[in-house]
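**Q** Protein chains in written order, with my numbering: chain W, 123 to 1125; chain R, 22 to 194. C-beta: ideal position from N, C-alpha, C; glycine also. Let me begin by handing over the structure; questions about it come next.
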């Protein structure tokens, strides 16, 4: 059984008890425990079930690489799935539940899959569920969905706070083991700005557990002293509980800081996402121990050797009374020695190498631990817990020589450098034959803007084995960087290290090397996704030669742990099966984040009111007071309509249109883009930007204009006013202001850089109010201050003046077909003018109207709307706007494109009005059908609806649409099939439904 | 825009609109520099800088754009003076006082508050009093400068003033 030891436990505080719940059962641990160590101390080795076969699984590791011990953490709105017990700090009241089982962890129905495992090999889904086709949708998929997935998805809103933090430094060091600390110490002395982060709560990595002497002191003391030195230095930022999540181009890195996960729910931010721009990045991310592939290596109680050591030394937890160590290297002997010294029983060390010589094996022998060289585990016996191991020769096929009773197995297949961060941004790897591991290829680093590497690697992550190598390597990497930056490196002194030497490992990819199929089918590579040696071999046999294909076919390394334990063993198995070398097979791609990070950290403060900015006009508060129904227009919120009492939106829109046509309407048009263009070449510039002529516009006058892209497509429209001798104000659509401003700047900066033109976006300087309807002139006259008569301010003119004492400019333009004045007023005074217009307009039955009434009135007049009649494939000629395209101008943006054969093709669909025969409203986007079918067997089409409304003015449905040969087919009736199988018949008419001669607007 | 004030680890104040003028022109030309000096008695700022003299100040926005800050009521008069001084040289002047919202953040933690929201390098040797940065603050465009130690002046577009207020007071808790 696993239990708490009376001694050891450097990270726990035995005076501080912590109560917690696991699957509803009350348990107790200590301050400093992880959830995993606390569970083990309560003899809870079984921590979950595997994904596919629902096999019982115990904890394997002690850190971020853990594949099995995944928990549903917390309850209610703080529920979170897939938390690794090994990196979850214990706090009072923590509540955890194991995953992927029903009805309980101990008795699980899904375990049936395990009995069927023979019939569920690699690629089973692909082979089994492909026929018959209909069964996929109705039977297979619902079944697979129900049984797939580990943790449950949270259903409630996350109440916790999160934030981002931007930081800049000369050197970012990821990893707070002795390599990271040595590097930081060296960089600090050289005067670099340093950020040093460590994913765990504690510093020192493996050295503090494995116990070398550094600079004459215990590793733990050296780490403590170095950390203190760094924390007090002004040029170093030290971040514990902060994981290097990803490295991106230009020295950008994401760090994930878990601020309060060790405290439980609190009111301060829980996670912080650091966005670091570093001059250089040093990854000192250490190495991960590899499992060995032998039959039954997934039975709870089989763990990584270093993890067994960690639980004993760090948490005072024994993983078993009798632990068999199985290894191909010297490092695992440390586990045997540590356990023996803690008073536990180590029946044997099974070493796959033919001989075990050197200081560590000698120390083990000195402690009377039996060492069986050249041996292997044939299989582990046990169900929910290890009972014994059967021993065989490593060289053979698995004939059992003896059986050793034990309740834990500590395995070590060697160490793989953590190369993830190095690889995120393109760093290449090289195969280290001696260590049997991939390590960073320092000649192919991720390249920065200057063509040199911006990431380097130090310590065990760089393939270093001993502490003395690790420290020397870390120092040298930083000195090389300092020399690159400043041209000279400072003098430093490398601390002396006392540690036992180690003999080389012997690569072992399968145990025993000739294991028969029955054993291979129980030798796990990927614990979480249930991928075994036999699955990878089958994939190779079936022709999956590429490692990326094998990965997807078998799901090797695709679980939440992203193959941290299984990767190299899987590659080696594949390369053996293919008969090629491991470096030839290569690795799969390493992608950020290193381990999953919270969605909250990614969102940062962007939730609730801060989810996204909402742009508000000067009249926004008034709209809210009227309970306006808003619609988004870009990031603006514009009133769609102003429903009164229980009025429906349709009724409100109807009322607003009718009242504006009959009396007086007010529209908040402040969102309209307003771009000032000025300079001696401004006229020439606008003649290029617009399809029509703007240079000839007279001061005091306005002209409607169209803008196209280089490809000829209609991009934006609006009214241009000439406001000075070399000064024009261009109105754009509400959504187009920023885009058109950027479009103008781009042409000025990149193409016509020698033209004397300046542009400034004045959209927000002015509130804009459209005063519309037969009574529009009267209300302005009542306010008083300027002459708004037909003579003084004719249609398409503008004039500066004051109304009710407020300085403003009035444009006599109309988007509704009514008598209309658009008033631009400094934004700070817009609300005051709005209020005065409402007050003075009361006797003329004034009403505000929203965007839907605006749309209906423009459609009644046949005015196009960018985004309705245009969709990026429509040219002005399609819309009958030839009159707005200058024939005299030599050039304008889009002219050449519009002359291409496809653009002048008479077969292009063209704008017309549409009237249903039964006066109903056509659905938006409906297609008009033509005779026959196309080559795909679909009905041919001859046009589509672009805008469609119920017209309150005309009392019937009106629409605009693009129809083949449309303008030549007036009064023809065409068919629009509906989704319900019926057909609407509509007559082709002029798009101008109301007041075609413009008598109403021109009064 | 009305004044509002938040007290937290850092204090945030939204002030009534300032007078602001956008000047576009070649900031390195002697004509422009002289015009600015004679009309407003302000020195034209160097790249990334902010200059001040009494009620008038000037912030560098780009090689051909500067923002001139004045008391709100004086913006039109200042603009007219500048226009006269610049007459005959290619330039653009526009009163943008009402297009902007103006905030002040103040307290010893002010740079840490700002660092939550903006990618600008705020390390002491990279961002000093008298420097201006045109950047984004969380999801919106903004510009800011350190008017004195521990005090940041910040402007953004008027339409997102409420968002900026929520953002700053949230970060300054």
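List, from N- to C-terminal side, the alpha helix (DSSP H) runs of 4 residues or more that fit wholly inside the region 654-739 of chain W.
**A** Runs of the alpha helix (DSSP H) inside the region 654-739 of chain W: 655-663, 669-676, 689-700, 704-707, 721-725.
**Q** Between which two residues does the beta strand (DSSP E) holding residue 131/R run?
**A** Within the second chain, numbered from 1, the residue matching residue 131/R stands at position 110. Where residue 131/R is concerned, there is no enclosing beta strand (DSSP E), although the alpha helix (DSSP H) it sits in stretches over 131-136.
**Q** Would you tell me roughly how many angstroms separate the C-alpha atoms of residue 677/W and residue 862/W, rounded to the nearest one?
**A** As a position in the first chain, residue 677/W is number 555, starting the count at 1. As a position in the first chain, residue 862/W is number 740, starting the count at 1. Spanning the two alpha carbons is a distance of roughly 48 Å.
**Q** Write down the C-beta distance between residue 583/W and residue 629/W rounded to the nearest angstrom, noting that I regard them as a contact closer than 8 Å.
**A** Position 461 of the first chain, counting from 1, holds the residue named residue 583/W. Position 507 of the first chain, counting from 1, holds the residue named residue 629/W. The pair is not a contact, with the Cβ atoms about 20 Å apart (cut-off 8 Å).
**Q** Can you check whether the C-beta of residue 142/R is within less than 8 Å of a C-beta belonging to chain W?
**A** Residue 142/R sits at position 121 when you count from the first residue of the second chain. Chain W, which has a Cβ nearer than 8 Å to the Cβ of residue 142/R, makes this yes.
**Q** Just tell me which of 926/W, 1098/W, 457/W has its CA closest to the CA of residue 1047/W.
**A** Start at 1 with the first residue of the first chain, and residue 1047/W comes out as number 925. Considering only alpha carbons, the answer is 1098/W.
**Q** Here's the rule I'm using: 16 or more other beta-carbon atoms within 10 Å means buried, otherwise exposed. How should residue 991/W be labelled?
**A** Against the first chain, residue 991/W aligns to sequence position 869. Classification of residue 991/W: buried, given that the 10 Å Cβ count is 16 or more.
**Q** Using DSSP with H/G/I as helix, E/B as strand and the rest coil, what is residue 890/W?
**A** In the first chain, the residue the question calls residue 890/W occupies position 768. DSSP places residue 890/W in strand when its eight states are reduced to three.
**Q** I'd like to know if the region 820-833 of chain W and the region 872-888 of chain W are in contact, where contact means that at least 3 CB-CB pairs between them fall below 8 Å.
**A** The region 820-833 of chain W is not in contact with the region 872-888 of chain W.
**Q** Just the chain R side, please: which residues come within less than 8 Å of residue 315/W by C-beta, in chain order?
**A** Counted from its first residue, the first chain places residue 315/W at position 193. Chain R residues near residue 315/W: 144.
**Q** Return the first residue and the last residue of the alpha helix (DSSP H) that residue 1000/W is part of.
**A** Locating residue 1000/W in the first chain gives position 878, where the first residue counts as 1. Run containing residue 1000/W: none; DSSP gives neither H nor E here.
**Q** Compile a chain-ordered list of the residues in the region 172-184 of chain R whose CB is closer than 9 Å to at least one CB of chain W.
**A** Residues passing the 9 Å Cβ filter: 178, 179, 180, 181, 182, 183, 184.
**Q** Tell me which residues share the same chain as residue 529/W and place their Cβ nearer than 7 Å to its Cβ, disregarding the 5 neighbours each side in the sequence.
**A** The residue given as residue 529/W occupies position 407 in the first chain. Excluding sequence neighbours, residue 529/W sits near 123, 423, 442, 443, 444, 507, 508.
**Q** Around the C-beta of residue 74/W, are 16 or more other C-beta atoms found within 10 angstroms, so that it is buried, or is it exposed?
**A** A query on residue 74/W cannot be resolved here, the shown segment of chain W reaching from 123 to 1125 and no further.
**Q** Kindly indicate if chain W contains any beta-carbon less than 8 Å away from that of residue 160/R.
**A** Working through the second chain from its first residue, we reach residue 160/R at position 139. Closer than 8 Å: yes.
**Q** If you count every other CB in all the chains shown that lies within 10 Å of the CB of residue 370/W, and 16 or more means buried, which is it?
**A** As a working mapping, residue 370/W is identified with position 248 in the first chain. By the neighbour-count rule (16 or more Cβ atoms within 10 Å), residue 370/W is not buried but exposed.
**Q** Is residue 301/W near residue 596/W, with beta carbons less than 8 Å apart?
**A** As a first step, residue 301/W must be located in the first chain, where it is residue number 179. As a first step, residue 596/W must be located in the first chain, where it is residue number 474. For residue 301/W and residue 596/W, yes; Cβs fall inside 8 Å.
**Q** Is there a C-beta anywhere in chain W that falls below 8 Å from the one on residue 198/R?
**A** Absent from the structure is residue 198/R, since the part of chain R shown begins at 22 and ends at 194.
**Q** Could you pull out every unbroken beta strand (DSSP E) segment of at least 3 residues lying fully inside the region 572-636 of chain W, listed in chain order?
**A** Whole beta strand (DSSP E) segments, 3+ residues: 577-579.
**Q** Are the CB atoms of residue 192/W and residue 127/W nearer to each other than 8 Å?
**A** The residue you call residue 192/W lines up with position 70 of the first chain. The residue you call residue 127/W lines up with position 5 of the first chain. No, the pair does not count as a contact, with Cβ atoms beyond the cut-off.
**Q** Using beta carbons (cut-off 8 Å, strictly below), is residue 105/R in contact with chain W?
**A** Within the second chain, the letter at position 84 stands for residue 105/R. So, not an interface residue.
**Q** So if DSSP puts residue 32/R in a beta bridge, which residue, or which two residues, is it bridged to?
**A** One-based indexing of the second chain puts residue 32/R at position 11. BP columns for residue 32/R point to 127/R.
**Q** For the alpha helix (DSSP H) holding residue 344/W, just list the boundary residues, first then last.
**A** The residue you call residue 344/W lines up with position 222 of the first chain. Looking at the DSSP string, the run of the alpha helix (DSSP H) that includes residue 344/W is 341-354.
**Q** Give the residues from the region 875-897 of chain W that approach chain R closer than 7 Å (Cβ to any Cβ), ordered along the chain.
**A** Result list: 878, 880, 882, 884, 886, 887.
**Q** Kindly list, in the order they appear in chain R, the residues whose Cβ is closer than 7 Å to that of residue 867/W.
**A** The count along the first chain starts at 1 and reaches residue 867/W at position 745. Within chain R, no residue comes near residue 867/W; the closest Cβ sits about 10 Å away, beyond 7 Å.
**Q** Going straight from the alpha carbon of residue 89/W to that of residue 360/W, what length do you get?
**A** Limits of chain W in this structure are 123 at one end and 1125 at the other, which puts residue 89/W out of reach.
**Q** Just verifying my parser: in three-state terms, what is the DSSP assignment at residue 792/W?
**A** Mapped onto the first chain, residue 792/W falls at position 670. Residue state, collapsed to three classes: coil.
**Q** What residues in its chain sit with their C-beta under 7 Å from that of residue 170/W, if we drop five residues either side in the sequence?
**A** Counting from 1 along the first chain, the entry for residue 170/W is found at position 48. 179, 190, 191, 192, 220, 221, 222.
**Q** Pull out every residue of the region 25-58 of chain R whose Cβ sits closer than 8 Å to any Cβ of chain W, in chain order.
**A** Here the close residues are 38, 43, 45, 46.
**Q** I need the DSSP call for residue 26/R, collapsed to helix, strand or coil.
**A** Taking the second chain and counting its residues from 1, the one referred to as residue 26/R is at position 5. DSSP places residue 26/R in strand when its eight states are reduced to three.
**Q** For residue 805/W, which residues of its own chain have a beta-carbon under 7 Å away from its beta-carbon, when the five flanking residues on both sides are left out?
**A** The count along the first chain starts at 1 and reaches residue 805/W at position 683. If we look at residue 805/W and ignore the five residues flanking it on each side, its Cβ neighbours are 816, 817.
**Q** Of all the options 957/W, 1036/W, 455/W, which has the alpha carbon lying nearest to the alpha carbon of residue 536/W?
**A** Taking the first residue of the first chain as 1, we reach residue 536/W at position 414. Measuring from the Cα of residue 536/W, the nearest candidate turns out to be 455/W.
**Q** List the residues of chain R that residue 737/W touches, going by C-beta distances under 7 Å, in chain order.
**A** Numbered from its first residue, the first chain carries residue 737/W at position 615. 180, 181, listed in chain order.
**Q** By the 10 Å Cβ neighbour count, where 16 or more other Cβ atoms means buried, how is residue 425/W classified, buried or exposed?
**A** Residue 425/W sits at position 303 when you count from the first residue of the first chain. So residue 425/W ends up on the buried side.
**Q** Please determine, among 1001/W, 1042/W, 1041/W, 1044/W, the residue with the shortest C-alpha to C-alpha distance to residue 1025/W.
**A** The count along the first chain starts at 1 and reaches residue 1025/W at position 903. Measuring from the Cα of residue 1025/W, the nearest candidate turns out to be 1001/W.
**Q** Would you grab the beta carbon distance between residue 740/W and residue 952/W for me? Rounded to a whole angstrom, and I think it's under 8 Å.
**A** On the first chain, residue 740/W is found 618 positions in, with the first residue counted as 1. On the first chain, residue 952/W is found 830 positions in, with the first residue counted as 1. Confirmed, Cβ separation roughly 4 Å.
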